[in-house]
Ligand code: LLP
């Protein structure tokens, strides 16, 4: 991401705001599509939860990608952006009737169901609407993704999915429902996964489950392995894209698909994290004992990841040129957890300096809040700044 070119433009804008390098986003989508194409009948769906910005969704549409949604709001955003409904999947443990109706009305590709009661609810609503709905059953594969516990989803203790033991019963339940069509299996083991062995284990687990399906005479149209591919938060400028080739190769090598089966991926972070940065301005520098606090005008209301997951985002002083000094970079919110990072080295920070928090394109703006009656940050794409 080239930030220095835009420094003068950034100087004129009210902070804090998100900046998206849309050229990098476009290239990242293209690279993911190019590597995924090594697997015939595969399709990448952008996980809208990571970033629902309408300008970015235009790029998703133009790249021909599908979407993975977890709410009616996200489905509507995709439809408004022109993403075809037959490329939209809808997941979530607690879909409301209104959200399910929206999906049925638009004839989305499929509902990823997470429990037996949900199967009956979707069937009843489809019947009421004189429609049919496609359903994939989300299986909890009990695989450790070796990531932060708040973003691990595929363990037995997590609330997601149906257990492997109940898989056949759940599929039969779908098949017996008169307004549902059984479409396939869905998995997602967690997020920010850097250990590819977890994806290999997921593939092996799916192979075993597929043997069970064969034995039970169940024909499965699609396998959805979810998302979760991690990015390099420590070296965002050196690694502005994850190793998509190695990621898709892992599935190509280990997953045994049946003839005609489609393979779906739901990537969020890997596609957009490195394309976004949070730009904030230094309100003042405060010295206290041996500590120096660079107090900036962004807080955890704008980017909650460090406070919520102890996540590290690389931070740079875009305005500074002086010698490097040690700072805690903190926001103005009245909570001690409002810290972006501690004891990091930055070029000497002065009041007014622009501080950039990198790798913030995923789970940044979408998780922003208005706590303390703050405004939501603005979002700019490269095209708005030209
Ligand atoms: N599919 C399902 C069913 C998911 O639950 C998620 C993310 C994804 C796909 C996309 O995962 P990704 O490729 O982005 O890892 N707010 C947290 C991340 C939460 C992820 C929730 N589910 C963070 O900031 O790290």
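Residue numbers (the numbering used here): 4 to 389. Ideal placement from N, C-alpha and C gives every residue a C-beta, glycine not left out. Being a predicted model, the structure only gives us computed values, none of them experimental.
(message) Using a Cβ-Cβ cutoff of less than 7 Å, which residues in the same chain neighbour residue 275 once the five nearest sequence positions on both sides are dropped?
(response) Within the chain shown, residue 275 is the residue found at index 272, counting from 1. The answer, listed in chain order, is 28, 53, 54, 59, 364 and 365.
(request) Could you pull out every residue in the same chain whose Cβ sits closer than 8 Å to the Cβ of residue 104, ignoring the five residues on either side in sequence? (result) For the purposes of this step, residue 104 is identified with residue 101 of the chain shown, where counting begins at 1. The answer, listed in chain order, is 128 and 132.
(message) Please report the straight-line C-alpha distance between residue 94 and residue 325, rounded to a whole angstrom.
(response) Stepping through the chain shown from its first residue, residue 94 is reached at position 91. Stepping through the chain shown from its first residue, residue 325 is reached at position 322. Between residue 94 and residue 325, the C-alpha separation is close to 49 Å.
(request) Go to residue 106, then tell me how far its alpha helix (DSSP H) extends in each direction, as first and last residue. (result) As a position in the chain shown, residue 106 is number 103, starting the count at 1. 100-108 is the span of the alpha helix (DSSP H), which, as asked, contains residue 106.
(message) So, with DSSP's three-state summary, where would you put residue 216?
(response) For the purposes of this step, residue 216 is taken as the residue at position 213 of the chain shown. DSSP places residue 216 within a helical segment (H, G or I) once states are collapsed to three.
(request) Assign residue 72 to one of three DSSP states: helix, strand, or coil. (result) Within the chain shown, the letter at position 69 stands for residue 72. Of the three classes helix, strand and coil, the one that applies to residue 72 here is strand, per DSSP.
(request) Return the bridge partner residues of residue 20 from the DSSP annotation. (result) As a working mapping, residue 20 is identified with position 17 in the chain shown. DSSP output for residue 20 lists 282 and 381 as bridge partner(s).
(message) List, from N- to C-terminal side, the alpha helix (DSSP H) runs of 4 residues or more that fit wholly inside the segment 201-267.
(response) 247-257
(request) Could you check what DSSP says for residue 317 in three-state terms: helix, strand or coil? (result) For the purposes of this step, residue 317 is taken as residue 314 along the chain shown, with counting starting at 1. Assignment of residue 317 by DSSP, reduced to helix, strand and coil, places it in the coil class.
(request) Output the boundary residues of the alpha helix (DSSP H) element that contains residue 312. (result) Sequence index remark: in the chain shown, residue 312 carries index 309 (1-based). Counting along the chain, the alpha helix (DSSP H) containing residue 312 begins and ends at 308-312.
(request) Rank 357, 373 and 368 by C-alpha distance to the C-alpha of residue 7 and give the top, closest one. (result) Taking the first residue of the chain shown as position 1, residue 7 is located at position 4. Here the closest residue by C-alpha is 357.
(message) Taking the straight line between their C-alpha atoms, what separation do you get for residue 211 and residue 205?
(response) Locating residue 211 in the chain shown gives position 208, where the first residue counts as 1. Locating residue 205 in the chain shown gives position 202, where the first residue counts as 1. Note on geometry: alpha-carbon atoms of residue 211 and residue 205 lie some 10 Å from one another.
(message) Here's the rule I'm using: 16 or more other beta-carbon atoms within 10 Å means buried, otherwise exposed. How should residue 121 be labelled?
(response) Here residue 121 refers to the residue found at position 118 of the chain shown. Residue environment for residue 121: buried (at least 16 other C-beta atoms within 10 angstroms of its C-beta).
(request) Tell me whether residue 57 sits in a helix, a strand or coil according to DSSP, three-state version. (result) Within the chain shown, residue 57 is the residue found at index 54, counting from 1. Of the three classes helix, strand and coil, the one that applies to residue 57 here is helix, per DSSP.
(request) Report the three-state DSSP secondary structure of residue 369 (helix, strand or coil). (result) Stepping through the chain shown from its first residue, residue 369 is reached at position 366. Reduced to three states, the DSSP call for residue 369 is helix.
(request) Please confirm if residue 212 has its CB atom under 7 Å from at least one CB of chain D. (result) In summary, chain D is missing from the structure at hand, where a single protein chain is found.
(message) Does residue 427 pass the burial test, meaning 16 or more other C-beta atoms within 10 Å, or should it be called exposed?
(response) The requested residue 427 does not occur in the structure, where the chain is confined to residues 4 to 389.
(request) Label residue 267 either buried or exposed according to how many other C-beta atoms from any shown protein chain fall within 10 Å of its C-beta, with 16 as the threshold for buried. (result) By one-based count along the chain shown, residue 267 stands at place 264. So residue 267 ends up on the buried side.
(request) With a 10 Å radius around its C-beta and 16 neighbouring C-beta atoms as the bar for buried, classify residue 101 as buried or exposed. (result) Counting from one through the chain shown, the residue named residue 101 turns up at place 98. Under this definition residue 101 is an exposed residue.
(request) Flag residue 205 as yes when its Cβ comes closer than 6 Å to any non-hydrogen atom of the ligand LLP, and as no otherwise. (result) On the chain shown, position 202 is the one that residue 205 refers to. Because no heavy atom of the ligand LLP lies under 6 Å away, the Cβ of residue 205 does not count as near it: no.
(message) Quick check: what's the CA-CA separation for residue 323 versus residue 350?
(response) Against the chain shown, residue 323 aligns to sequence position 320. Against the chain shown, residue 350 aligns to sequence position 347. If you take the alpha carbons of residue 323 and residue 350, they lie about 5 Å apart.
(message) On the DSSP letters alone, give me the boundaries of the beta strand (DSSP E) that residue 295 sits inside.
(response) In the chain shown, the residue the question calls residue 295 occupies position 292. That run of the beta strand (DSSP E) goes 294-299.
(message) Taking contact to mean 3 or more Cβ pairs, one atom from each stretch, closer than 8 Å, check whether the segment 285-304 and the segment 21-38 are in contact.
(response) Fewer than three beta-carbon pairs drawn from the segment 285-304 and the segment 21-38 are found closer than 8 Å, and the two stretches are therefore not classed as touching.
(request) Check whether the Cβ atoms of residue 288 and residue 352 sit closer than 7 Å, and answer yes or no. (result) Position 285 of the chain shown, counted from the start, is the residue given in the question as residue 288. Position 349 of the chain shown, counted from the start, is the residue given in the question as residue 352. Result yes, Cβ atoms of residue 288 and residue 352 sit closer than 7 Å.
(message) For a quick check, are the C-beta atoms of residue 35 and residue 49 less than 7 Å apart?
(response) The residue you call residue 35 lines up with position 32 of the chain shown. The residue you call residue 49 lines up with position 46 of the chain shown. Not a contact, by the Cβ cut-off of 7 Å.
(message) Suppose you measure from the CA of residue 252 to the CA of residue 285; what does that come to, to the nearest Å?
(response) One-based indexing of the chain shown puts residue 252 at position 249. One-based indexing of the chain shown puts residue 285 at position 282. Between residue 252 and residue 285, the C-alpha separation is close to 44 Å.
(request) Determine the DSSP secondary structure at residue 34, reduced to helix, strand or coil. (result) On the chain shown, residue 34 is found 31 positions in, with the first residue counted as 1. Looking at residue 34 - three-state DSSP - the assignment turns out to be helix.
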